[in-house]
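K.L.:
Numbering (the working numbering), first residue to last: 3 to 316.
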C-alpha cells in the first residue's frame, strides 16, 4: 500500500508541474489583458502609461519563465496569491466556494447511485425484459442529452411551472435538488450500461455456477459474489471520468447560479483573474489525485485476485 501511495505522490508532483506550467502558458497567451480589466473595473478612462505601469507592478513584463517561477515559489509556500479583482486571498475564495461544490458533487453521486445500481442490476437480472429495454433507452438518452438542456427542462417544469424548487442560489436544501438531479441523471446512463454488462459477465463466471451447485441462495450469490466481482470496472471508469464530472459540475453551477468554485472560476476566466484560475487548476488536480488514489486502494478490497497477486509478489 505504501509503495502505491509513494508512486502516486511522485506522479502527482510531475502532473501538477505539467498542468500548472502549461495552464500558466496558455493563460498568458490567451486574448485579453488583466491590467485593462483592473483599471476599467469602474469604467474609468486610463492612459497607456497607467496600463504599462500596472503591468510592470504586477510582473507581466517579466519573461514567462520568471513569472511562472515566482508563482511556483509562492505555491510551494502554500501562497496562491490574491485575486486581481477582489484583492482577496485566492485560497480563501476557493475554500469559501468549495463546500457548495462538494455538496453538489456528493448530491449528484447519490442520485447517480440511486438510479444506476437498481436499474443496472435489474437489467442484468432480467435480461431481455421490459426493464432491460427501459434501461437501454435511458442510457442512450442520458448519453445524448446535454446536462444544461436537462437542467433547463427541470427548471421550466419543477421551478417555473410547479414552483416546487428554487431556480438558483443556495438558500436551503431544496436549492440542491434540481442541480443534483440534473448532474446525477446526466452521468447515470453510462453507469447503468456499464454495471449491466459487468454483472452479466460476473453472473456467467465459474464461481457463480459453483455457488449455485452448492445450494447458495440467489440473493447471496448476487450481493456477495457477482455484484462485488462487477465493481472494479465501474470504479475504474469513475476514476477516468472524474474530469468529466468536474466539468459537469461547472456547467450546472453556472446554470443554477450555484455559488461553488465552478461558477467562481467561470467568472474569473471572464475577468482574466489569473491567480484564481491557477488556484482552481491546482485544487482540481489535487482532488483528481486523491480520488484516483482512493480508487487504486479500493481495488484491494473489491478484487480478491489483486490481493492474492500482491501476496505472491511479496
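No residue lacks a Cβ here, since even glycine has one placed at the ideal position from N, Cα and C.
Note that this is a predicted model, so its numbers are computed, not measured.
Per DSSP, what kind of secondary structure is residue 63 in: helix, strand or coil?
P.N.:
Along the chain shown, one-based indexing puts residue 63 at 61. It is coil, neither helix nor strand.
K.L.:
Identify whether residue 33 lies in helix, strand or coil by the three-state DSSP scheme.
P.N.:
As a working mapping, residue 33 is identified with position 31 in the chain shown. Here residue 33 sits in coil by DSSP.
K.L.:
Return the chain-ordered list of same chain residues with a C-beta closer than 8 Å to the C-beta of residue 133, the five sequence neighbours on each side being excluded.
P.N.:
Here residue 133 is taken as the residue at index 131 of the chain shown, counted from 1. For residue 133, where only same-chain residues beyond five positions count, the Cβ hits under 8 Å are 121, 124, 125.
K.L.:
Rank 150, 290, 299, 271 by C-alpha distance to the C-alpha of residue 32 and give the top, closest one.
P.N.:
One-based indexing of the chain shown puts residue 32 at position 30. Of the listed residues, the one whose Cα sits closest to residue 32 is 271.
K.L.:
I'd like the span of the alpha helix (DSSP H) that includes residue 119, first residue to last.
P.N.:
Walking along the chain shown from the start, residue 119 turns up at place 117. From DSSP, the alpha helix (DSSP H) with residue 119 extends over 92 to 127.
K.L.:
Using 8 Å as the threshold, is the stretch 268 to 284 in touch with the stretch 224 to 243, meaning 3 or more CB pairs across them?
P.N.:
They do not touch, by the three-pair rule.
K.L.:
When the distance is taken between beta carbons, is residue 255 closer than 8 Å to residue 178?
P.N.:
Stepping through the chain shown from its first residue, residue 178 is reached at position 176. Stepping through the chain shown from its first residue, residue 255 is reached at position 253. No; because the gap between Cβ atoms is not below 8 Å, this pair is not in contact.
K.L.:
Counting C-beta neighbours from all protein chains within 10 Å, is the total for residue 280 16 or more, i.e. buried, or is it exposed?
P.N.:
One-based indexing of the chain shown puts residue 280 at position 278. Result: buried.
K.L.:
Quick check: the Cα distance between residue 30 and residue 65, rounded to an integer number of angstroms?
P.N.:
Looking up residue 30 in the chain shown gives position 28. Looking up residue 65 in the chain shown gives position 63. The alpha-carbon atoms of residue 30 and residue 65 are separated by roughly 11 Å.
K.L.:
Along the alpha helix (DSSP H) that carries residue 223, what are the first and last residues, could you check?
P.N.:
Here the question's residue 223 lines up with position 221 in the chain shown. Segment: none, residue 223 is in no alpha helix (DSSP H) and carries neither H nor E.
K.L.:
Do residue 264 and residue 103 count as a contact pair if the criterion is CB distance below 8 Å?
P.N.:
By one-based count along the chain shown, residue 103 stands at place 101. By one-based count along the chain shown, residue 264 stands at place 262. Taking 8 Å as the Cβ cut-off, residue 103 and residue 264 qualify as a contacting pair.
K.L.:
Tell me the rounded alpha-carbon separation between residue 22 and residue 82.
P.N.:
Translated into the one-based positions of the chain shown, residue 22 becomes position 20. Translated into the one-based positions of the chain shown, residue 82 becomes position 80. Approximately 12 Å, taken between the alpha carbons.
K.L.:
Let me make sure I understand the geometry here. Which of 97, 16, 222 has the alpha-carbon closest to that of residue 2?
P.N.:
This structure does not reach residue 2, given that the chain is present from 3 up to 316, and the question cannot be answered.
K.L.:
For residue 113, collect the residues of the same chain with a Cβ closer than 8 Å to its Cβ; drop the 5 residues on either side in sequence, then sort them by chain order.
P.N.:
Here residue 113 corresponds to residue number 111 of the chain shown, with the count starting at 1. Exclusion of the five residues before and after residue 113 leaves 182, 183, 185, 186, 187, 190 as the residues of its chain whose Cβ lies within less than 8 Å of its Cβ.
K.L.:
Take residue 36 as the anchor and find which of 57, 18, 28 has the nearest alpha-carbon.
P.N.:
Taking the chain shown and counting its residues from 1, the one referred to as residue 36 is at position 34. That would be 57, whose Cα lies nearest to the Cα of residue 36.
K.L.:
Report the start-end ranges of each alpha helix (DSSP H) in the stretch 136 to 170 that is 4 residues or longer and not cut off at the edges.
P.N.:
149 to 156
K.L.:
Evaluate the contact criterion for the stretch 228 to 238 versus the stretch 66 to 74: three or more CB pairs, one atom per stretch, below 8 Å.
P.N.:
Verdict: no, contact absent.
K.L.:
Per DSSP, which one or two residues make a beta bridge with residue 84?
P.N.:
Sequence index remark: in the chain shown, residue 84 carries index 82 (1-based). Checking the DSSP bridge columns, you'll see residue 84 partnered with 91.
K.L.:
Does DSSP put residue 188 in a helix, in a strand, or in coil?
P.N.:
Indexing the chain shown from 1 puts residue 188 at position 186. If DSSP states are grouped into helix, strand and coil, residue 188 belongs with the helices.
K.L.:
Grouping DSSP H, G and I as helix and E and B as strand, with all else coil, what is residue 287?
P.N.:
In the chain shown, counting from the first residue as 1, residue 287 sits at position 285. Of the three classes helix, strand and coil, the one that applies to residue 287 here is helix, per DSSP.
K.L.:
Could you tell me the boundaries of the alpha helix (DSSP H) in which residue 206 lies?
P.N.:
As a first step, residue 206 is located in the chain shown; it is residue number 204 there, counting from the start. Per DSSP, residue 206 belongs to no alpha helix (DSSP H) and is neither H nor E.
K.L.:
Contact between the stretch 193 to 204 and the stretch 223 to 231 is defined here as three or more beta-carbon pairs at a separation below 8 Å; is this criterion met?
P.N.:
yes
K.L.:
Quick one: is residue 61 buried, meaning 16 or more other Cβ sit within 10 Å of its Cβ, or exposed?
P.N.:
The residue you call residue 61 lines up with position 59 of the chain shown. The residue is exposed, with fewer than 16 neighbouring Cβ atoms inside 10 Å.
K.L.:
Using 10 angstroms around the beta-carbon of residue 252, count the other beta-carbons present and answer buried if the total reaches 16, otherwise exposed.
P.N.:
Along the chain shown, one-based indexing puts residue 252 at 250. The residue in question, residue 252, is buried, as its Cβ has 16 or more Cβ neighbours within 10 Å.
K.L.:
May I ask which residues mark the beginning and end of the alpha helix (DSSP H) holding residue 264?
P.N.:
Walking along the chain shown from the start, residue 264 turns up at place 262. That run of the alpha helix (DSSP H) goes 263 to 272.
K.L.:
In terms of residues, what are the limits of the alpha helix (DSSP H) holding residue 233?
P.N.:
Here residue 233 refers to the residue found at position 231 of the chain shown. Per DSSP, residue 233 belongs to the alpha helix (DSSP H) from 233 to 242.
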